[in-house]
Every structure is written in structure tokens, then in C-alpha cells.
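Asker: Next up is a structure, given as C-alpha cells.
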Amino acid sequence: MSNYYQPEIECASREQIRAWQDERLVKQVRHVYDHVPYYRALMDDKGVTPDDIQSVDDLHKLPFLTKDDLRDAYPFGLLAVPLHDAVRIQSTSGTTGRRVVAFYTQHDIDLWDDCCARAIVAAGGTADDVVHVCYGYGLFTGGPGLNGGSHKVGSLTLPMSSGNTERQIQFMCDLGSTILCCTPSYAAYLAETICERGLQDQIKLKAGIFGAEAWSEEMRRDIENKLHIKAYDIYGLTEISGPGVSFECSEQTGMHINEDHFIAEIINPVTGEVLPDGEKGELVFTSITKQAFPLLRYRTRDICVLSHEKCSCGRTHVKMSKPMGRSDDMLIVKGVNVFPSQIETVLLNKNYPANYQIIVSRENNSDKLEVQVEMTPEMFSDAVSEISKREKELVEALKAMLGIYAVVHLVAPKTITRSEGKAVRVIDKRNLY
Amino acid sequence: MIVKQISVFLENKPGRLAEFTRTLQENSIDMRAMSIADAPDFGIARVIVDDAYKTACVLKDAGYVCSITPVLAVAIPDTPGSLVKILDLLGENNINLEYTYAFTTRKVDTAYMIFRVHDTEKAAELLSSHGIQLICQDALNQI
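Taken in order, these protein sequences are the chains called A and B. Read in order, the letters of the first sequence are residues 1 to 433 in the working numbering. Read in order, the letters of the second sequence are residues 434 to 576 in the working numbering.
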């Protein structure tokens with residue numbers, strides 16, 4: 001079984017991949033320098049010109065981009081083509097509430113879809129499959145990405161989007177879904193529900209492509225056993241395109257990065273120095289084929305390891321480990337990026353004290369976000385309804401900022417630990433890494 | 434005629450009320466009445482004490498969030514219909530009752546209730562003018 005969507009690319013020689021990267025990088029740097037004043041200024045500051053970049057060996061000379069740059073340049077500052085040529089935006093949350101907006105030309109959508117198609121075919125997908133996509137659709141890249149990939153493969157695509165578990169299971173049974181695409185926690189929830197109802201015999205799933213949040217090997221085996229499928233990991237981020245930046249093959253020992261489109265580096269998150277293969281550090285991507293939103297040396301803040309070891313699947317592209325942590329304080333809750341600073345912004349806007357604590361837990365395979373705030377004399381009222389009303393307003397403001405529901409808990413004054421140095425704002429009880 | 438009630442924020446966790454009452458005990462504060470209003474994740478303890486000012490200071494020092502709420506302490510004769518009469522009076526005069534709770538005293542023939550209304554002054558005048566006995570702060574210690 002070959003399971004390749006573009007074998008000539010996926011199994012190309014290392015020399016060939018390197019040749020593509022060299023040629024595309026040089027062209028891309030010129031494109032960005034000429035069309036993105038924001039990045040040109042960063043290059044000028046560093047004293048680097050497009051002529052200094054002759055091959056991948058020169059990549060380290062380029063300045064980094066971070067999420068802060070995306071925020072500063074919002075919304076059009078990093079756009080590299082006239083708006084006329086852009087056909088789509090996708091978006092994800094940013095550090096202090098300002099969203100990250102990524103643009104795509106039709107060419108960019110096509111290459112993104114190709115990347116997702118590679119992931120689907122690697123998971124055994126063909127034109128005879130029924131691909132059940134219950135990632136969210138809309139601004140979130142999960143749904144549109146896998147949807148596009150499934151179209152490329154020619155599979156029957158069910159654009160289910162997230163939620164409504166009843167309907168998900170009914171369609172799965174009635175239409176014979178064979179490949180399930182969603183977050184691992186939702187897959188675990190679906191698996192549990194299907195088992196509880198004794199519907200295992202009525203589903204025809206053979207594989208699952210699960211990403212957008214961290215999950216353990218244990219969780220993978222649990223989902224695989226309950227649904228009798230093989231579960232594949234997929235990785236991506238809106239800034240670089242969306243899901244499909246890398247994907248797992250049948251070996252399940254890491255995700256192949258689509259190196260014909262994205263160059264990966266591992267750096268020391270403190271010094272920015274490039275680390276050799278096999279060392280753990282922060283993953284940095286350079287997008288070498290995208291037109292509208294081509295980020296160079298974008299720091300993902302994901303900590304992982306790259307491996308060039310030969311893979312039994314025949315693919316030659318470098319493999320990245322599952323992310324093992326973050327070099328910033330971003331949390332991924334229910335597949336959604338959450339920054340503590342976003343929560344702080346909401347609290348301060350609503351005149352709450354800056355002393356708060358965020359507790360993330362996983363109950364029944366579903367993430368739970370809880371925000372604890374201390375009661376103050378100014379907020380206190382003798383009427384329960386007044387306090388409840390304020391709590392409700394806070395829940396709604398958090399929902400508007402984060403896009404997900406958070407439980408608000410009012411606690412007694414001085415009960416949230418004050419620390420000497422950096423405050424411990426986040427308690428993640430999920431043990432993800 | 435107005436009585437000062439202390440309202441205190443309490444987390445909805447085991448032992449919190451005990452902790453609170455221990456604080457009162459340690460400061461020799463005498464409680465005349467108490468009621469708890471509960472929401473899913475917190476509660477408000479409402480207490481009538483012998484010394485409202487001292488209690489507020491003690492609680493503040495102990496780290497509690499509390500407030501002083503004006504309420505009425507009403508003597509209810511122990512005869513059928515006496516509460517109805519009082520509530521009718523308030524209703525007919527468009528005075529909304531937010532909450533109420535009863536408490537016992539050493540006297541046996543009278544019941545007492547705390548009334549929390551929006552317009553405390555108006556309610557106090559109204560009830561007094563109809564011969565209903567209101568207990569003032571100082572008198573609370575005598576009953």
C-alpha cells in the first residue's frame with residue numbers, strides 16, 4: 001500500500017528537497033522584501049538584504065517574526081499581495097485579544113489543500129472514502145483545511161463542523177463515515193458515546209486524523225481501541241496555513257513536515273540560536289511558497305524535536321515530534337488558543353482585580369477552563385442576584401474574547417496565592433506533555 | 434428604628450461558615466440572628482449582632498468582604514394573621530420585600546423578623562404609624 005498523494009514530492013530525494021527549498025527561499029525573500037514594508041524594515045534593521053540570502057544555509061541571517069509582530073501589523077501589515085488577489089482569510093486569537101488574521105490567494109488555498117490531502121491519503125484515504133469533518137468551520141482553520149484536502153482526494157466530504165454529537169453519530173452510522181477528522185478530545189468523547197450506546201458495529205470508521213491540541217499516546221490507544229481505527233496526528237497553525245503543515249504516517253513516530261512548502265528550524269528559545277538536529281527547542285517555520293501571507297522565520301513557541309531518520313513509510317521529509325510544551329504561556333483549550341493576558345484584559349476592563357487564577361482541567365476527555373477571581377468590597381453586594389449578574393457578565397465577556405466558555409468562580413479575598421516573583425496564573429491539571 | 438445588618442461573602446466550601454462564626458466567637462461578638470443566601474458557588478451570610486461597627490472592623494481585619502445593610506427588625510405578635518397584616522401593609526404601599534428571616538429571643542410570646550426592603554425609611558414610618566413594633570439597635574440586646 002503506497003498511501004501517497006504526491007509521491008514524487010513526498011518521497012523526493014533529500015537533494016531534490018534541498019534544491020526546491022534553496023530556489024523557493026531566495027525567491028520568497030525577494031517577494032517579501034519588495035512587498036512587505038514591515039518585514040523589510042526588520043531586515044534593514046538587521047542589515048540583511050535579499051542578496052544575502054542565496055540558499056537555506058543563509059536562513060539564520062533573517063530576522064524572526066513573532067505573534068507580537070502579527071499583532072502590531074494587524075490587519076494588513078504582513079500582506080504581500082494586493083487585496084485584489086486575496087480570496088480568503090482565516091483567523092486565530094492573538095496575545096492580547098487582537099486576533100491574528102491570515103490571508104490566502106487561490107494558489108495558497110490550493111497548496112494548503114494539497115498538504116491536507118497528503119495527510120488524508122497517509123491515513124489511508126481514497127476517493128472511495130467518506131471523510132467526516134467535525135473540526136469547526138468558519139474562521140478556525142480546522143474545518144476548511146481538512147474539507148479542502150478531502151475534496152482534493154475526491155472523498156465524499158461531510159462538512160459536519162463541531163458540536164451536536166447526536167447528529168454526528170447519526171450521520172456517521174447512516175452515511176458510513178470512514179475517516180474522522182476532529183480534535184482528539186472530541187474523538188475520545190465520540191468514542192465513549194458510541195461505546196455507551198453499543199453502536200460500535202454500526203460505524204465504519206477505519207481512521208482518524210486528530211489535531212489542534214495536545215494528546216497523549218495513552219489517549220491515542222484508547223480512541224483506537226474503542227473505535228477500532230488507526231489514529232493519526234496532524235499539526236498546523238493559522239499563521240503558516242492551518243492543519244497539514246505536518247502529518248503522521250503509518251509509523252506513528254512523528255509528523256512529516258511538508259518541506260517543499262515550509263522550512264523548519266529548531267532554535268534555542270532564549271538566545272534564538274539554531275540548534276542541531278535531534279535537539280529539543282522552539283520550532284520556527286519559513287513559508288516558501290505562499291503568496292499572500294508568507295511568514296519568514298515565524299516562531300511557533302512550540303517546543304519539539306526534529307528527526308531526519310529514514311522513515312519506514314518511504315517519505316523523505318523531516319519528522320517533528322509532538323509538541324512537548326510551549327516557550328510562552330499560551331494554552332490550548334478545546335483546540336482554541338488562549339492567552340492568560342486575554343483573560344486579564346477582560347478582568348481589568350470589567351474592573352476586577354488583577355489577582356486571578358486560571359485552572360484548566362480535563363473531565364471526561366473534555367477541557368474545562370475555570371477563572372477564579374477574588375471578591376472585593378467594591379464588587380460585593382448584599383443581594384445574590386447582583387453578584388450573579390456580575391458573574392454572568394464576566395462569563396459573557398470572556399466568551400466574546402476567547403470564543404469558548406469559561407466557568408467563573410468568585411473566591412474569598414486573599415485566597416489566591418501571592419507569589420514573590422512571577423505570579424502563578426495558570427494551573428494546568430491536564431498533564432499533556 | 435433601623436437596624437444594621439452585616440452581610441458577608443462566603444465561598445461555598447466545607448468549613449467556611451464554621452470559620453466565620455469562630456471569628457465572631459473569638460472576638461466575643463454575640464449574634465442575635467443569622468440567615469444564609471446561597472448561589473451555586475458562593476453564599477452571603479447575613480447576621481444581626483450586638484455591635485455592628487465592631488463586627489465590621491473585626492471581619493475586615495480577618496480578610497472578609499462585608500457590608501452593612503439597613504434592615505427592619507419587626508416584632509410579630511404570636512397570633513394568627515399578624516404577619517399577613519404586616520405584609521399586606523407593605524404590599525398596599527408598593528414596598529417590595531427583598532428578603533426576610535425570622536429569629537427567636539428569650540421572650541416567648543413574640544416572634545421577630547428581619548425585613549429587607551428598598552425604602553427602609555418609608556417602610557419604618559408606615560409600620561410604626563400602624564402600631565407595629567420595630568426594634569431599634571439598642572433594644573436588640575434587651576430582648
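Cβ atoms here follow ideal geometry from the backbone N, Cα and C, with glycine treated the same way.
1) How is residue 43 of chain A classed by DSSP in three states: helix, strand or coil?
2) Alpha carbon to alpha carbon, what distance is there between residue 395 of chain A and residue 258 of chain A?
3) Can you pull the chain B neighbours of residue 409 of chain A, defined as C-beta to C-beta under 7 Å?
4) Could you pull the start and end residues of the alpha helix (DSSP H) that residue 187 of chain A belongs to?
5) Given a limit of 7 Å on CB to CB distance, which residues of the segment 450–476 of chain B reach chain A?
6) Check the Cβ of residue 353 of chain A against every Cβ in chain B and list those closer than 8 Å, keeping chain order.
7) Use the C-beta contact count for residue 121 of chain A: other C-beta atoms within 10 angstroms, 16 or more gives buried, fewer gives exposed.
8) For residue 363 of chain A, which option in A:313, A:221 and A:333 has the closest C-alpha, if you only look at C-alpha atoms?
9) Given this structure, state the Cα-to-Cα distance separating residue 415 of chain A from residue 374 of chain A, to the nearest angstrom.
10) Does DSSP classify residue 270 of chain A as helix, strand or coil?
11) May I have the straight-line CA-CA distance separating residue 500 of chain B from residue 518 of chain B, to the nearest angstrom?
12) Residue 83 of chain A: buried (16+ other C-beta within 10 angstroms of its C-beta) or exposed?
13) Just list the residues that DSSP pairs residue 370 of chain A with in beta bridges.
14) Given that a residue counts as buried once 16 or more other Cβ atoms are within 10 Å of its Cβ, and exposed if not, what is residue 549 of chain B?
15) Starting from residue 26 of chain A, trace the beta strand (DSSP E) in both directions and tell me its first and last residue.
16) Grouping DSSP H, G and I as helix and E and B as strand, with all else coil, what is residue 490 of chain B?
17) From residue 60 of chain A to residue 46 of chain A, what distance separates their C-alpha atoms?
18) Inspect the CB distances between the segment 223–241 of chain A and the segment 159–177 of chain A and report whether three or more fall short of 8 Å.
19) Helix, strand or coil for residue 451 of chain B per DSSP?
20) Looking only at its chain, what residues have a beta carbon closer than 6 Å to the beta carbon of residue 536 of chain B, apart from the 5 residues adjacent to it on each side?
21) To the nearest angstrom, report how far apart residue 404 of chain A and residue 369 of chain A are at their CA atoms.
22) Output needed for residue 570 of chain B: all residues of its chain with C-beta closer than 6 Å, excluding positions within five of it in sequence on either side, in chain order.
23) So if I threshold CB-CB distances at 8 Å, which residues from the segment 493–504 of chain B count as touching chain A?
24) Quick check: the Cα distance between residue 152 of chain A and residue 288 of chain A, rounded to an integer number of angstroms?
25) Along the chain, where does the beta strand (DSSP E) that runs through residue 558 of chain B open and close?
26) Please state whether DSSP places residue 509 of chain B in a helix, a strand or coil.
27) Taking C-alpha atoms, which residue in A:211, A:213, A:212 and A:205 lies nearest to residue 224 of chain A?
Answerer: Based on what the coordinates show:
1) By one-based count along the first sequence, residue 43 of chain A stands at place 43. It is helical.
2) Here residue 258 of chain A is taken as the residue at index 258 of the first sequence, counted from 1. Here residue 395 of chain A is taken as the residue at index 395 of the first sequence, counted from 1. Rounded to whole angstroms, the gap between the alpha carbons of residue 258 of chain A and residue 395 of chain A is 40 Å.
3) In the first sequence, counting from the first residue as 1, residue 409 of chain A sits at position 409. The CB of residue 409 of chain A comes closer than 7 Å to the CB of 474 in chain B, given here in chain order.
4) Your numbering for residue 187 of chain A matches position 187 in the first sequence. Segment 184–196, the alpha helix (DSSP H) holding residue 187 of chain A.
5) So the close ones are 470, 472, 474 and 475.
6) Along the first sequence, one-based indexing puts residue 353 of chain A at 353. None at all; the shortest Cβ gap to chain B is about 11 Å.
7) On the first sequence, residue 121 of chain A is found 121 positions in, with the first residue counted as 1. So residue 121 of chain A ends up on the buried side.
8) By one-based count along the first sequence, residue 363 of chain A stands at place 363. The candidate whose alpha carbon is nearest that of residue 363 of chain A is A:333.
9) Taking the first sequence and counting its residues from 1, the one referred to as residue 415 of chain A is at position 415. Taking the first sequence and counting its residues from 1, the one referred to as residue 374 of chain A is at position 374. Approximately 7 Å, taken between the alpha carbons.
10) Numbered from its first residue, the first sequence carries residue 270 of chain A at position 270. Of the three classes helix, strand and coil, the one that applies to residue 270 of chain A here is coil, per DSSP.
11) As a position in the second sequence, residue 500 of chain B is number 67, starting the count at 1. As a position in the second sequence, residue 518 of chain B is number 85, starting the count at 1. Taking the CA atoms as reference points, residue 500 of chain B sits about 31 Å from residue 518 of chain B.
12) Within the first sequence, residue 83 of chain A is the residue found at index 83, counting from 1. Burial call: exposed.
13) Residue 370 of chain A sits at position 370 when you count from the first residue of the first sequence. Answer by DSSP bridge pairing, in chain order: A:359 and A:407.
14) Numbered from 1 along the second sequence, position 116 holds the residue referred to as residue 549 of chain B. Result: buried.
15) Numbered from 1 along the first sequence, position 26 holds the residue referred to as residue 26 of chain A. Boundaries for residue 26 of chain A: no beta strand (DSSP E) harbours it, while the alpha helix (DSSP H) harbouring it runs 14–35, taken from the DSSP string.
16) Taking the first residue of the second sequence as position 1, residue 490 of chain B is located at position 57. DSSP places residue 490 of chain B in helix when its eight states are reduced to three.
17) For the purposes of this step, residue 60 of chain A is taken as residue 60 along the first sequence, with counting starting at 1. For the purposes of this step, residue 46 of chain A is taken as residue 46 along the first sequence, with counting starting at 1. If you take the alpha carbons of residue 60 of chain A and residue 46 of chain A, they lie about 12 Å apart.
18) Contact between the segment 223–241 of chain A and the segment 159–177 of chain A is absent: fewer than three C-beta pairs spanning the two stretches fall below 8 Å.
19) Numbered from its first residue, the second sequence carries residue 451 of chain B at position 18. Residue 451 of chain B falls in the helix class under three-state DSSP.
20) On the second sequence, position 103 is the one that residue 536 of chain B refers to. Closer than 6 Å at Cβ, skipping near neighbours: 466 and 545.
21) Counted from its first residue, the first sequence places residue 404 of chain A at position 404. Counted from its first residue, the first sequence places residue 369 of chain A at position 369. Taking the straight line joining both Cα atoms gives about 9 Å.
22) As a position in the second sequence, residue 570 of chain B is number 137, starting the count at 1. So the qualifying residues of the chain are 436.
23) Residues passing the 8 Å Cβ filter: 496, 497, 498, 499, 500 and 502.
24) As a working note, residue 152 of chain A is residue 152 in the first sequence. As a working note, residue 288 of chain A is residue 288 in the first sequence. Rounded to whole angstroms, residue 152 of chain A to residue 288 of chain A spans 22 Å at the Cα level.
25) Mapped onto the second sequence, residue 558 of chain B falls at position 125. In this chain, residue 558 of chain B is not harboured by any beta strand (DSSP E); it is covered by the alpha helix (DSSP H) spanning 553–562.
26) Within the second sequence, residue 509 of chain B is the residue found at index 76, counting from 1. In the structure shown, residue 509 of chain B sits in a strand (DSSP, three-state: E or B).
27) Taking the first residue of the first sequence as position 1, residue 224 of chain A is located at position 224. It is A:205 whose Cα lies nearest to the Cα of residue 224 of chain A.
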